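Taken in sequence, the protein lines are chains L and D.
The first sequence begins at 1 in my numbering and counts up one residue at a time.
The second sequence begins at 1 in my numbering and counts up one residue at a time.
Okay, so here's the structure we're looking at.
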Amino acid sequence: MSALKSLKRWFIDPQFARKKDFLRSLEIFKELRDRELGQLVQALHSRSYREGEVVFVEGDIGRALFVVETGAVELTRPGAAGKPVVLYHLKPGDFFGEMALLESLPRTATATATEKTHLHLLYKSKLDSLLNGEPRIGVTIMSHLARLLSARLRRLSSDPKLISEKND
Amino acid sequence: MTDRRPARREFPVLTVFVVGGTALYAFYRLHHALTPFLLAAAFAYVLNPIVSYFEARGLRRAHLVVCGYAAAAAVGVFAYAGLKPLIVSETELFQTRAPAYLSQLQRTAYAQQAQLTKRLPLPPKVAEHALESALGGALSVLQDLPSHVLALLPFLAHALLIPFIGFFFLLDAPEGVEGGIQLCPSRYVEQAIHLLSEIDTALGNYLRGLIIVVAVIFIVSFLGLMALGIDNALLIAAISGLSSVVPYFGLAMGILVGGAMAVYQFGTLWAAAKVAALFVGIRLVEEMLIQPIIARHSLHMHAMTNLFALIVGGATFGFLGLLFAVPAAGIIKALVSVTWSWYSSERGLVLGAAEGAGVPYT
Numbered sequence: 001m002s003a004l005k006s007l008k009r010w011f012i013d014p015q016f017a018r019k020k021d022f023l024r025s026l027e028i029f030k031e032l033r034d035r036e037l038g039q040l041v042q043a044l045h046s047r048s049y050r051e052g053e054v055v056f057v058e059g060d061i062g063r064a065l066f067v068v069e070t071g072a073v074e075l076t077r078p079g080a081a082g083k084p085v086v087l088y089h090l091k092p093g094d095f096f097g098e099m100a101l102l103e104s105l106p107r108t109a110t111a112t113a114t115e116k117t118h119l120h121l122l123y124k125s126k127l128d129s130l131l132n133g134e135p136r137i138g139v140t141i142m143s144h145l146a147r148l149l150s151a152r153l154r155r156l157s158s159d160p161k162l163i164s165e166k167n168d
Numbered sequence: 001m002t003d004r005r006p007a008r009r010e011f012p013v014l015t016v017f018v019v020g021g022t023a024l025y026a027f028y029r030l031h032h033a034l035t036p037f038l039l040a041a042a043f044a045y046v047l048n049p050i051v052s053y054f055e056a057r058g059l060r061r062a063h064l065v066v067c068g069y070a071a072a073a074a075v076g077v078f079a080y081a082g083l084k085p086l087i088v089s090e091t092e093l094f095q096t097r098a099p100a101y102l103s104q105l106q107r108t109a110y111a112q113q114a115q116l117t118k119r120l121p122l123p124p125k126v127a128e129h130a131l132e133s134a135l136g137g138a139l140s141v142l143q144d145l146p147s148h149v150l151a152l153l154p155f156l157a158h159a160l161l162i163p164f165i166g167f168f169f170l171l172d173a174p175e176g177v178e179g180g181i182q183l184c185p186s187r188y189v190e191q192a193i194h195l196l197s198e199i200d201t202a203l204g205n206y207l208r209g210l211i212i213v214v215a216v217i218f219i220v221s222f223l224g225l226m227a228l229g230i231d232n233a234l235l236i237a238a239i240s241g242l243s244s245v246v247p248y249f250g251l252a253m254g255i256l257v258g259g260a261m262a263v264y265q266f267g268t269l270w271a272a273a274k275v276a277a278l279f280v281g282i283r284l285v286e287e288m289l290i291q292p293i294i295a296r297h298s299l300h301m302h303a304m305t306n307l308f309a310l311i312v313g314g315a316t317f318g319f320l321g322l323l324f325a326v327p328a329a330g331i332i333k334a335l336v337s338v339t340w341s342w343y344s345s346e347r348g349l350v351l352g353a354a355e356g357a358g359v360p361y362t
């Protein structure tokens, strides 16, 4: 029995298991099964960014979802005086750029790594492949994105500032 | 909605042309040395889904590759032990009869020539001349066949080198891809992955489909040739199956070699016609039953594009060009598609809201 355990330990990839555990901890992927998470790990690409390195610029055509594993990312947009206004600080476990998975449109903000950061990228065509080959993975992600989109839309439509602007 | 896009990035056309041109020229100059690496890369690429299947279950890639090689070696040894008597008998048969094959073929060809001259609806002199040229051409092709086969020997010499190099490709390919992405300027990462993804989708299905085609042609033609009672069925089926990696070449080789063997054995053109019908039948079945399954996710290229790629590949890089012409054309197609997608998105040519976007949120 212990020999079998040793053999299993010898075969199991700890790095891969760590990545799977990380993905499992995220709200967007938490409903996925173990094997599905394994397939998702294979579909993801990883990249490290230096402090101050730009991930994408507002106006770039988005084609991937980014997941912050370590480090921090800042989303900014140019303000009235041309000075960047910080919209959001992203910490490990957060994801951004998710709308690129629905349609390839220009990014609405600039993303910059504010410290040494490691990101995972889920590319749109990889998600399309998952939707075709492993529909449960694709549907889980898509359904989460739809809920997210709905929540944002609800918040926007109930924003008193927007409603008063519309009435004017 | 206001368009908030800042200044567009200009596509680095000059850089792409200079880098691409230099890479192509270097490849042209070094293609002989690169042959085993290219073949090994294709070998690893075809086997990668098997490794990935188990890797998705959390197993170490290195251990999987080592165990996979050990298992393949064991299967190979057992398969060789099982097929050894057949391989040895076919080789001995071919060796002893090879010189007789050609002389018998010549005798049969010239014997048939007289009969055919009478049957052709042409003046006797013209018919005789036409048949002489046709038969002379066909026989010279057959006479040259050993030299063509010998030309393939350098590729057989890679038989051990390809799995050896392929081992390292299989082991380190994911790290290589991630390393490439890490080196890519951050703003171009999404484009780089887009390109990789397009090439992978098109090429992966094409190469894996090709393996299925080669295996099916080999097995079906072997069984068919056995049923027709043709000697050296295993050798002819292997030649036809392996030649199928070059589109249309497998069919031609099967008809030529199998037909020649049938003429030698039975001394009639009718026997050769049966072999030709067998290979044409296999080709039709492949077109109707196998290709629709493979082509569903394949390169989706016009037959004329394939033919053009084969002619250019063969003329420029010889046998290697013939082998990789269609996949290379697929890569060029993916490059064009990615460039167009990049350009059209950047210029706002494909923007458009989904239908029903104007309905208020309720």
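Where is the CB? At the ideal position from N, CA and C, for every residue including glycine.
Since this is a predicted model, take the numbers as computed values, not measurements.
query: For the segment 111 to 128 of chain L, enumerate the residues whose C-beta is nearer than 7 Å to any C-beta of chain D, in chain order.; result: 121, 123, 125 and 126
query: Could you check if residue 37(L) is buried or exposed, using at least 16 other CB atoms within 10 Å of its CB as the buried criterion?; result: buried
query: Could you pull out every unbroken alpha helix (DSSP H) segment of at least 4 residues lying fully inside the segment 79 to 137 of chain L, listed in chain order?; result: 124 to 133
query: Residue 66(L): which of 47(L), 77(L) and 21(L) sits nearest, CA to CA?; result: 47(L)
query: Beta-carbon within less than 7 Å of residue 259(D)'s beta-carbon, same chain only, minus the 5 sequence neighbours each way: which residues are those?; result: 272, 275 and 276
query: Tell me which residue opens and which closes the beta strand (DSSP E) that residue 343(D) is part of.; result: No beta strand (DSSP E) holds residue 343(D); the alpha helix (DSSP H) holding it covers 303 to 346.
query: Pairs of beta-carbons, one from the segment 109 to 120 of chain L and one from the segment 59 to 78 of chain L, closer than 8 Å: are there three or more?; result: yes
query: Run through DSSP, which three-state label would residue 389(D) get?; result: Since the displayed chain D opens at 1 and closes at 362, residue 389(D) lies outside it and no answer follows.
query: In three-state DSSP terms, what is residue 58(L)?; result: coil
query: Identify which residue in 94(L), 18(L) and 53(L) has its Cα closest to the Cα of residue 27(L).; result: 94(L)
query: Would a C-beta distance cut-off of 8 Å place residue 101(L) and residue 145(L) closer than the cut-off?; result: yes
query: Select from 58(L), 19(L) and 106(L) the residue whose C-alpha is nearest the C-alpha of residue 43(L).; result: 19(L)
query: Within a Cβ cutoff of 7 Å, which residues of the same chain sit near residue 31(D), ignoring the five residues on either side of it in sequence?; result: 317 and 320
query: With a threshold of 16 other CB atoms inside 10 Å of the CB of residue 343(D), please say whether the residue is buried or exposed.; result: exposed
query: Closest by CA to residue 58(D), which one among 2(L), 143(L), 9(L) and 128(L)?; result: 9(L)
query: Where do the N-terminal and C-terminal ends of the alpha helix (DSSP H) with residue 214(D) fall, by residue?; result: 189 to 228
query: Kindly list the residues whose CB is nearer than 7 Å to the CB of residue 141(L), restricted to its own chain and excluding five residues on each side of it in sequence; keep chain order.; result: 28 and 127
query: Count the other CB atoms within 10 Å of the CB of residue 135(L); is the residue buried (16 or more) or exposed (fewer)?; result: exposed
query: Keeping to the same chain, check which residues put their C-beta closer than 7 Å to that of residue 138(L); ignore five residues upstream and five downstream.; result: 127, 130 and 131
query: Cβ of residue 439(D) within 8 Å of Cβ of residue 314(D)?; result: Because chain D here runs from 1 to 362, residue 439(D) falls outside it and cannot be looked at.
query: Taking just the CA atoms, how far does residue 328(D) sit from residue 232(D)?; result: 34 Å
query: Would the segment 180 to 195 of chain D count as touching the segment 65 to 81 of chain D if we require 3 or more Cβ pairs under 8 Å?; result: no
query: Rounded to whole angstroms, what's the CA-CA distance from residue 65(D) to residue 40(D)? Just pull it up for me.; result: 14 Å
query: According to DSSP, is residue 46(L) helix, strand or coil?; result: strand
query: Could you list the residues in the segment 165 to 191 of chain D with a C-beta less than 9 Å from some C-beta on chain L, going in chain order?; result: 174, 177, 178, 181, 182, 184, 186, 187, 189, 190 and 191
query: I want to verify the contact list: residues of chain L whose CB lies under 8 Å from the CB of residue 346(D), in sequence order.; result: 61
query: Can you check whether the C-beta of residue 16(L) is within less than 8 Å of a C-beta belonging to chain D?; result: yes
query: List the residues of chain D that residue 137(L) touches, going by C-beta distances under 7 Å, in chain order.; result: Here the premise fails: no neighbours, minimum Cβ distance about 11 Å.
query: State yes or no: is the beta carbon of residue 13(L) nearer than 8 Å to at least one beta carbon in chain D?; result: yes
query: What do you get for residue 107(L), buried or exposed, if any count of 16 or more other CB atoms within 10 angstroms of its CB means buried?; result: buried
query: For residue 257(D) and residue 307(D), what's the separation of their Cα atoms in angstroms?; result: 23 Å
query: Report yes or no: is there a C-beta of chain L within less than 8 Å of the C-beta of residue 339(D)?; result: no
query: Along chain L, which residues have their Cβ under 9 Å away from the Cβ of residue 59(D)?; result: 11, 12, 13 and 16
query: Do you know how far the Cα of residue 85(L) is from the Cα of residue 78(L)?; result: 6 Å
query: Should residue 401(D) be flagged as near chain L, meaning a C-beta pair shorter than 8 Å?; result: No statement about residue 401(D) is possible, as the shown extent of chain D runs from 1 to 362 and does not include it.
query: Tell me the DSSP secondary structure of residue 74(L) in three-state form.; result: strand
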